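Undergrad:
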Amino acid sequence: MSTATATEHASGDGRARPKWLLHHFDTPAQQFGTARLGMWLFLAQEVLFFGALFVIYSVFRASYPEMFKAASQQLDKIMGTTNTVVLIFSSLTAALAVNAAQKGKRHATSLYLLVTIACACVFLAIKFFEYQHKFDAGLLPGPAFKPIDEHLVKGLDLKSNSGSFFALYFMMTGLHALHVVVGIVVFIWILIRNLRGNFSKEYFTAVDITALYWHFVDLVWIFLFPLFYLI
Amino acid sequence: MSAIAEPKSESSGNEPEAVAHVASPLIYVAVFLGLLLLTAGTVAQSYVDLGKLNLLLVMGIATLKALLILGFFMHLKWDTKFHAIVVVTALFFLGVFYTYTHADTGRRGEFDPDQGGVLDPDHAVRILPKTGEPAPGGFGASE
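From first to last, the protein sequence lines stand for chains G and D. Count along the first sequence starting at 1, add 1, and that's the number in the working numbering. Count along the second sequence starting at 1, add 670, and that's the number in the working numbering.
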């Protein structure tokens with residue numbers, strides 16, 4: 002192994018090994034399968050990570066169903082729906098980016114990655130305006146909850162203990178938004194690697210598992226959206 | 671070769687074998703349209719009050735969307751079954767967490783002055799709404 006050339010080096014059985022195949026893997030399939038399993042185990046951990054917040058949500062909602070219903074009316078259903086569509090579309094382009102990478106279409110992969118990143122940014126921008134409205138209206142977590150009438154949706158009976166609803170709202174959508182930011186950073190890195198020509202029909206592992214992560218971020222939003230906006 | 675390797679039908683034999691299933695882009699577009707349709711459905715439903723069915727329907731639609739994403743976008747349909755087991759295991763333990771938590775918090779009773787419960791935090795008594803008996807456990811259930 003010490004005499005490995007820049008592009009290929011010989012394996013134990015004398016077959017040529019591609020440069021991207023790490024020496025502790027026998028075959029590309031083994032390396033790819035290991036990377037995917039690693040990402041799936043990480044996502045399993047993420048299920049429990051977000052799961053804790055979903056369980057807290059369910060306990061509070063079971064205790065104060067009327068308060069949740071009233072507080073939910075203050076969220077912008079149109080913005081929430083738009084964000085859902087944006088995120089689903091970005092999931093589609095992420096899947097297509099993997100598909101293009103699998104076929105060795107480098108330019109198509111770059112394009113799909115770029116659209117995915119753009120959609121993620123649009124999602125965050127919409128989220129920013131939603132948060133801004135909540136701050137203006139005093140719809141803040143816990144003791145900071147001091148609603149200002151002129152900014153509220155009228156004619157609704159907002160309960161005085163709605164601070165716990167908005168605590169959950171900011172905690173869960175905030176943690177999700179943090180995942181979106183991480184996704185953007187990783188996708189930019191993947192895009193740079195793709196532009197450098199690091200990926201091929203035989204090796205596209207990083208594109209694949211980053212897309213897996215991104216689909217998970219989409220999955221979490223699919224549950225957050227109806228639980229907060231559509232009560 | 672590893673069990674996840676699928677022989678590529680169009681390969682001539684000289685090419686390295688494919689390491690993953692390559693799906694048609696049309697499948698992804700179809701899944702996307704399905705997800706849009708389900709989103710429209712769940713938003714439309716939110717304007718109609720179906721009482722207790724609301725939550726059931728909303729979670730049903732969200733689960734359906736999740737299955738579409740897991741199955742097609744995340745390739746579980748074509749993937750090694752072990753990844754599906756990882757997902758199911760995570761969800762199982764989330765279920766355990768949920769069930770035990772609600773078995774506790776759902777049975778702690780209420781501070782109901784009409785039934786003999788006391789709201790004063792120092793002498794609070796939680797009462798089971800159905801029987802009027804003091805609730806077992808919880809904070810300040812008994813002195």
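By construction, the Cβ of each residue, glycine as well, lies at the ideal position given by its N, Cα and C atoms. Note that the coordinates shown come from a computational prediction; the quantities given were computed from them, not determined experimentally.
Measure the C-alpha to C-alpha separation of residue 96 of chain G and residue 195 of chain G and round it to an integer number of angstroms.
TA: Translated into positions along the first sequence, residue 96 of chain G becomes position 95. Translated into positions along the first sequence, residue 195 of chain G becomes position 194. The alpha-carbon atoms of residue 96 of chain G and residue 195 of chain G are separated by roughly 15 Å.
Undergrad: Comparing the C-beta of residue 762 of chain D with each C-beta of chain G, is any distance below 7 Å?
TA: Working through the second sequence from its first residue, we reach residue 762 of chain D at position 92. Not closer than 7 Å to any Cβ of chain G, the Cβ of residue 762 of chain D fails to qualify, so no.
Undergrad: In chain order, what residues of the same chain lie with their CB nearer than 7 Å to the CB of residue 81 of chain G, ignoring the 5 residues before and after it?
TA: Stepping through the first sequence from its first residue, residue 81 of chain G is reached at position 80. The answer, listed in chain order, is 226 and 230.
Undergrad: Less than 7 Å between CB atoms is the rule here; does residue 692 of chain D satisfy it with respect to chain G?
TA: Here the question's residue 692 of chain D lines up with position 22 in the second sequence. For residue 692 of chain D, the answer is yes, since a Cβ of chain G falls inside 7 Å of its Cβ.
Undergrad: Our contact map puts residue 172 of chain G next to residue 54 of chain G with C-beta atoms below 8 Å; I'd like the distance itself, whole angstroms only.
TA: Numbered from 1 along the first sequence, position 171 holds the residue referred to as residue 172 of chain G. Numbered from 1 along the first sequence, position 53 holds the residue referred to as residue 54 of chain G. Indeed, because the Cβ distance is near 6 Å, the residues count as touching under 8 Å.
Undergrad: Looking at C-beta atoms only, is the number of pairs between the region 67 to 80 of chain G and the region 177 to 187 of chain G that lie closer than 8 Å three or more?
TA: Segments in contact, no.
Undergrad: Looking only at its own chain, which residues have a Cβ that is under 7 Å from the Cβ of residue 683 of chain D, when we skip the five neighbours before and after it?
TA: By 1-based counting over the second sequence, the position of residue 683 of chain D is 13. Its pLDDT being 42, under 50, residue 683 of chain D is placed unreliably by the model, and nothing is read from it.
Undergrad: When you compare only the Cα positions, how much space is there between residue 713 of chain D and residue 725 of chain D?
TA: Within the second sequence, residue 713 of chain D is the residue found at index 43, counting from 1. Within the second sequence, residue 725 of chain D is the residue found at index 55, counting from 1. Approximately 13 Å, taken between the alpha carbons.
Undergrad: Closer than 6 Å: is that where the CB of residue 222 of chain G sits relative to any heavy atom of the ligand SAM?
TA: You won't find the ligand SAM in this model; it holds no ligand whatsoever.
Undergrad: Could you please tell me which residues of the region 59 to 88 of chain G, in chain order, have their CB closer than 8 Å to any CB of chain D?
TA: Under the 8 Å Cβ criterion, the region 59 to 88 of chain G contributes 59, 60, 63, 64, 78, 82, 85 and 86.
Undergrad: Would you mind telling me which residues of chain D sit closer than 8 Å to residue 100 of chain G, beta carbon to beta carbon, in chain order?
TA: Position 99 of the first sequence, counting from 1, holds the residue named residue 100 of chain G. 692, 693, 695 and 698, listed in chain order.
Undergrad: Please classify residue 219 of chain G: is it buried, with 16 or more other beta-carbons within 10 angstroms of its beta-carbon, or exposed?
TA: In the first sequence, the residue the question calls residue 219 of chain G occupies position 218. The residue is buried, with at least 16 neighbouring Cβ atoms inside 10 Å.
Undergrad: Determine, using beta carbons only, whether residue 36 of chain G and residue 760 of chain D come nearer to each other than 7 Å.
TA: Counting from one through the first sequence, the residue named residue 36 of chain G turns up at place 35. Counting from one through the second sequence, the residue named residue 760 of chain D turns up at place 90. No; because the gap between Cβ atoms is not below 7 Å, this pair is not in contact.
Undergrad: Quick check on this structure: which residue in G:38, G:58 and G:108 has the alpha carbon closest to the alpha carbon of residue 192 of chain G?
TA: For the purposes of this step, residue 192 of chain G is taken as the residue at position 191 of the first sequence. The option with the nearest alpha carbon to residue 192 of chain G is G:108.
Undergrad: Any beta carbon of chain D sitting closer than 7 Å to that of residue 92 of chain G?
TA: By one-based count along the first sequence, residue 92 of chain G stands at place 91. Yes, because at least one Cβ of chain D sits closer than 7 Å to the Cβ of residue 92 of chain G.
Undergrad: Which residue wins for smallest C-alpha separation from residue 42 of chain G, given the options G:28, G:221 and G:213?
TA: The residue given as residue 42 of chain G occupies position 41 in the first sequence. Ranking G:28, G:221 and G:213 by Cα distance to residue 42 of chain G puts G:213 first.
Undergrad: Could you tell me the boundaries of the alpha helix (DSSP H) in which residue 142 of chain G lies?
TA: The residue labelled residue 142 of chain G in the question sits at position 141 within the first sequence. Premise fails: residue 142 of chain G is in no alpha helix (DSSP H) and is neither H nor E.
Undergrad: Residues of chain D with CB under 7 Å from residue 48 of chain G, in chain order?
TA: Working through the first sequence from its first residue, we reach residue 48 of chain G at position 47. The contacting residues are 760, 761 and 764.
Undergrad: Go ahead and label residue 102 of chain G buried or exposed: buried means 16 or more other beta carbons lie within 10 angstroms of its beta carbon, across all protein chains shown.
TA: On the first sequence, position 101 is the one that residue 102 of chain G refers to. Counting Cβ neighbours within 10 Å, residue 102 of chain G comes out buried, since at least 16 surround it.
Undergrad: By how many angstroms is the C-alpha of residue 164 of chain G removed from the C-alpha of residue 743 of chain D?
TA: Position 73 of the second sequence, counting from 1, holds the residue named residue 743 of chain D. Position 163 of the first sequence, counting from 1, holds the residue named residue 164 of chain G. Cα-Cα distance, rounded: 37 Å.
Undergrad: Would you mind giving the Cβ-Cβ distance between residue 215 of chain G and residue 92 of chain G, rounded to the nearest angstrom? I have them listed as a contact below 8 Å.
TA: In the first sequence, counting from the first residue as 1, residue 215 of chain G sits at position 214. In the first sequence, counting from the first residue as 1, residue 92 of chain G sits at position 91. The Cβ separation is near 7 Å, so the contact holds.
Undergrad: Ordered along the chain, which non-local residues of its own chain (more than five positions away) have a Cβ less than 6 Å from that of residue 232 of chain G?
TA: Walking along the first sequence from the start, residue 232 of chain G turns up at place 231. If we look at residue 232 of chain G and ignore the five residues flanking it on each side, its Cβ neighbours are 69, 70 and 73.
Undergrad: Could you tell me the alpha carbon to alpha carbon distance between residue 757 of chain D and residue 151 of chain G, rounded to whole angstroms?
TA: Here residue 757 of chain D is taken as the residue at index 87 of the second sequence, counted from 1. Here residue 151 of chain G is taken as the residue at index 150 of the first sequence, counted from 1. If you take the alpha carbons of residue 757 of chain D and residue 151 of chain G, they lie about 46 Å apart.
Undergrad: Check residue 18 of chain G in the structure and name its three-state DSSP category.
TA: In the first sequence, the residue the question calls residue 18 of chain G occupies position 17. It is a strand residue.
Undergrad: Taking the continuous alpha helix (DSSP H) assigned at residue 186 of chain G, which residues delimit it?
TA: Position 185 of the first sequence, counted from the first residue, corresponds to residue 186 of chain G. Start and end: 164 to 197.
Undergrad: Could one say the Cβ of residue 8 of chain G lies closer than 7 Å to chain D's Cβ atoms, at least one of them?
TA: Counting from 1 along the first sequence, the entry for residue 8 of chain G is found at position 7. Confidence in residue 8 of chain G is poor, its pLDDT being 49 and thus under 50, which makes the residue's placement too unreliable to answer from.
Undergrad: By how many angstroms is the C-alpha of residue 696 of chain D removed from the C-alpha of residue 224 of chain G?
TA: Along the first sequence, read from residue 1 onward, the residue named residue 224 of chain G stands at position 223. Along the second sequence, read from residue 1 onward, the residue named residue 696 of chain D stands at position 26. Rounded to the nearest angstrom, the two C-alpha atoms are 26 Å apart.
Undergrad: Check whether the Cβ atoms of residue 88 of chain G and residue 124 of chain G lie closer than 7 Å to each other.
TA: Position 87 of the first sequence, counting from 1, holds the residue named residue 88 of chain G. Position 123 of the first sequence, counting from 1, holds the residue named residue 124 of chain G. Cβ distance < 7 Å, so residue 88 of chain G and residue 124 of chain G count as in contact.
Undergrad: Leaving aside the five residues before and after residue 671 of chain D along the sequence, list all residues of the same chain whose C-beta is less than 6 Å from its C-beta, in chain order.
TA: For the purposes of this step, residue 671 of chain D is identified with residue 1 of the second sequence, where counting begins at 1. Note that residue 671 of chain D scores a pLDDT of 40, beneath 50, so its modelled location is shaky; the value from the coordinates is reported in the next line. Result list for residue 671 of chain D: empty, nothing under 6 Å.
Undergrad: State the Cα-Cα distance for the pair residue 182 of chain G and residue 801 of chain D, rounded to the nearest angstrom.
TA: Numbered from its first residue, the first sequence carries residue 182 of chain G at position 181. Numbered from its first residue, the second sequence carries residue 801 of chain D at position 131. So the two alpha carbons sit approximately 51 Å from each other.
Undergrad: Rounded to the nearest angstrom, how far is the Cβ of residue 159 of chain G from that of residue 148 of chain G, given a contact under 8 Å?
TA: Taking the first sequence and counting its residues from 1, one reaches residue 159 of chain G at position 158. Taking the first sequence and counting its residues from 1, one reaches residue 148 of chain G at position 147. Indeed, because the Cβ distance is near 6 Å, the residues count as touching under 8 Å.
Undergrad: Under 6 Å Cβ to Cβ from residue 690 of chain D, same chain only, skipping five residues before and after it: list those, please.
TA: Numbered from 1 along the second sequence, position 20 holds the residue referred to as residue 690 of chain D. Cβ within range, chain order: n/a, list empty.
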